[in-house]
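So for the sequence shown, my numbering puts the first residue at 7; every next one is plus one. We put the CB at the ideal spot given by N, CA and C, even for glycine. All remarks here apply to the structure that follows.
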Amino acid sequence: MSEEYVGVEQAAEVLGYSKRTIYKKLRKGDIPGQKVDTKTGKKWQIKKSDLKSPPTIKNEVVEVREKEEKLSKEELVEIFQQRDQELINKIDNLEEQLQEVNKKLDQKQDNPVKKFLRWLFY
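So this is what it looks like as C-alpha cells:
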C-alpha cells in the first residue's frame with residue numbers, strides 16, 4: 007500500500023497553521039517532510055499520516071487532557087513549584103550569559119553595540 011502525501015497548503019489546513027508556519031516547521035524539522043522535484047520546481051511533500059496527530063506541545067504550552075482522577079492541592083503545588091524552579095534556572099542561565107556578553111563588550115572600549123545596549127537597558 008502506498009503512502010498518501012499532501013502539500014504545504016493542505017498541511018496548513020489540517021494543522022490549523024499558516025502556510026508560512028508550515029514552511030518554518032518543515033525547515034526546522036518539527037514537521038517531517040521531504041522536498042521533491044516537480045515540473046515547476048522543488049516542493050515540500052508531507053505524509054498524510056504524519057498530520058493526523060499534531061504535536062501536543064507548542065511554545066512550551068502543554069495540551070491539557072481530562073483525567074479521571076483529580077490532582078490534589080499538594081500535587082498541583084508541587085507541579086507548579088517544579089515548573090517555577092525550571093524557569094528560575096533558565097533565567098539564571100540567561101543572566102549569566104548576559105554578564106558574559108557584557109564582559110566581552112567591556113573589553114572593547116568604543117564598541118557601538120555596547121553604547122547601544124547601555125542606552126537600551128540603563
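Subject >> Limits of the unbroken alpha helix (DSSP H) element including residue 27 >> reply: 25-34
Subject >> Inter-residue Cα distance where the pair is residue 24 and residue 12 >> reply: In this model, residue 24 and residue 12 are separated by some 15 Å (Cα to Cα).
Original post:
How big is the Cα-Cα spacing for residue 83 and residue 9?
Top reply: 46 Å
Original post:
Which residue from 93, 43, 127 and 92 puts its Cα closest to that of residue 132?
Top reply: With the chain covering only 7 through 128, there is no way to say anything about residue 132.
Original post:
Name the DSSP bridge partner or partners of residue 42?
Top reply: Residue 42 is bridged to 49.
Subject >> Simplified DSSP state of residue 64, which is helix, strand or coil >> reply: With a pLDDT of 49 at residue 64, under the threshold of 50, the modelled position of that residue is not reliable, and no figure is offered here.
Original post:
If you check the beta carbons only, do residue 4 and residue 14 fall under 8 Å apart?
Top reply: Residue 4 falls outside the range modelled here, since the chain spans only 7 to 128, and no answer is possible.
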